[in-house]
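In short: position in the sequence shown from 1, add 17, done, that's my numbering. Think of the CB as a built atom: it goes at the ideal place given N, C-alpha and C, for glycine as much as any other residue.
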Amino acid sequence: MYSIQNTSFIGKAFYVFDTLPSTNNFALELLSKSKPSDGTVIMTHNQTAGRGQIGNHWYSEPDKNITLSVILFPLFLNIQQQFFLNEAIALAAYDTISEYIDSNIIRIKWSNDVLINDQKVCGMLIQNSIQGNQFQYTVVGIGINVNQTNFADTDTKHATSMRLHYNNDFSLQLLIENLCRHIEYYYQRLQQREFTYLHELYMQRLYRKGQRALYQRTADASYFYGTISDVLPYGGLVIATDNGTEVFDTKQLVFV
Numbered sequence: 018m019y020s021i022q023n024t025s026f027i028g029k030a031f032y033v034f035d036t037l038p039s040t041n042n043f044a045l046e047l048l049s050k051s052k053p054s055d056g057t058v059i060m061t062h063n064q065t066a067g068r069g070q071i072g073n074h075w076y077s078e079p080d081k082n083i084t085l086s087v088i089l090f091p092l093f094l095n096i097q098q099q100f101f102l103n104e105a106i107a108l109a110a111y112d113t114i115s116e117y118i119d120s121n122i123i124r125i126k127w128s129n130d131v132l133i134n135d136q137k138v139c140g141m142l143i144q145n146s147i148q149g150n151q152f153q154y155t156v157v158g159i160g161i162n163v164n165q166t167n168f169a170d171t172d173t174k175h176a177t178s179m180r181l182h183y184n185n186d187f188s189l190q191l192l193i194e195n196l197c198r199h200i201e202y203y204y205q206r207l208q209q210r211e212f213t214y215l216h217e218l219y220m221q222r223l224y225r226k227g228q229r230a231l232y233q234r235t236a237d238a239s240y241f242y243g244t245i246s247d248v249l250p251y252g253g254l255v256i257a258t259d260n261g262t263e264v265f266d267t268k269q270l271v272f273v
């Protein structure tokens, strides 16, 4: 078992596998059978059945990308504050990527993606276990396209990688260490209830924030123009439309 050296708890327990169907599924199985420590990381060199949000398939070439999950116990949060955790993880991924890629072309896309020049470079799948009004545990799945250059087999039509914007291969080990360090930093801000700090930083980096753009409602497939103005603590996206302000959950909206 590997261990991250530059953190206090994220990645101190670190499981590495040659192949796994899904790191999130392994993490959930581990939680059902044992009591893993806070910050346990599960990583695989070859994820064969990765998933994004809304069940989208996440294809990753073996030994080319980061595919890992982190087990967290955010018992200090209630469910009305759950999106602050998403913000913390998205900011950690953003910072990891922006250490090598110009931050001016990187944006966080609501609710769980990171883009380079409007193309997806990172996806996150956050699965929460909640009892009553409180978190029991969270499994944070993160996939970052790093050295992959061929995306013909992926469901994401507009995918990209860090390699395609840097013209050089990256050390996956170094990137994973940096990612764990950034996750720990923002998670500690979350523990200290620095919600305003996290939210303001997230909004500064949010894709289409303050820009009039085209969207589609999934309920009736209707199109409309609107401007993103905010994200609510539970995760609802606030959009100012021609007919007033509307709030959307993840499954209710498509970015066009």
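Taking the runs of the beta strand (DSSP E) that are 3 residues or longer, which of them lie wholly in the region 109-169?
-> List check, beta strand (DSSP E) in window: 123-126, 130-133, 136-148 and 151-161.
Quick one: is D130 buried, meaning 16 or more other Cβ sit within 10 Å of its Cβ, or exposed?
-> So D130 counts as buried.
Taking the DSSP output, what are the residues bridged to E263?
-> The secondary-structure analysis by DSSP pairs E263 across a beta bridge with I256.
Where does L215 sit, in a helix, a strand or coil, going by DSSP?
-> DSSP places L215 in helix when its eight states are reduced to three.
Just tell me which of P79, Y232 and S120 has its CA closest to the CA of Y183.
-> It is S120 whose Cα lies nearest to the Cα of Y183.
Measure the C-alpha to C-alpha separation of I13 and F241 and round it to an integer number of angstroms.
-> Any question about residue 13 goes unanswered here, given that the chain covers just 18 to 273.
Three-state secondary structure (DSSP) of Q228 = Here Q228 sits in coil by DSSP.
Own chain residues within Cβ distance below 8 Å of M220, not counting five before or after = Non-local C-beta neighbours of M220 in its own chain, meaning closer than 8 Å and more than five positions away in sequence, comprise K226, D247 and V248, ordered along the chain.
Between which two residues does the alpha helix (DSSP H) harbouring F43 extend?
-> T40 to K50 is the extent of the alpha helix (DSSP H) around F43.
Can you tell which of S239, K81, Y154 and N103 has its C-alpha closest to the C-alpha of F168?
-> Comparing Cα positions, the closest option is K81.
Where F100 falls, given that 16 or more other Cβ within 10 Å makes a residue buried | Buried is the call here.
Count the other C-beta atoms from every protein chain shown that fall within 10 angstroms of the C-beta of S25, then say buried if there are 16 or more, exposed otherwise.
-> Under this definition S25 is an exposed residue.
Alpha carbon to alpha carbon, how far is P91 from Y203?
-> Distance between P91 and Y203, taken at the CA atoms: about 13 Å.
Exposure label - L94; buried when at least 16 CB within 10 Å = By the C-beta density criterion, L94 is buried, having at least 16 other C-beta atoms within 10 angstroms.
Could you check which residue in F34, I114 and E116 has the C-alpha nearest to that of S86?
-> Across the set F34, I114 and E116, the C-alpha of F34 shows the shortest separation from the C-alpha of S86.
Looking at I133 and I123, is the spacing between their C-beta atoms short of 8 Å?
-> A contact, by the Cβ cut-off of 8 Å.
Are there 16 or more other CB atoms within 10 angstroms of the CB of K52, so buried, or fewer, so exposed?
-> Only exposed fits K52, as fewer than 16 other CB atoms lie within 10 angstroms of its CB.
Just tell me which of C197, L189, N164 and T36 has its CA closest to the CA of L181.
-> Comparing Cα-Cα distances from L181 to each of C197, L189, N164 and T36, the minimum goes to N164.
Top-ranked residue by Cα proximity to L270, from G261, A110, G253 and N260 | Of the candidates G261, A110, G253 and N260, G253 places its Cα closest to the Cα of L270.
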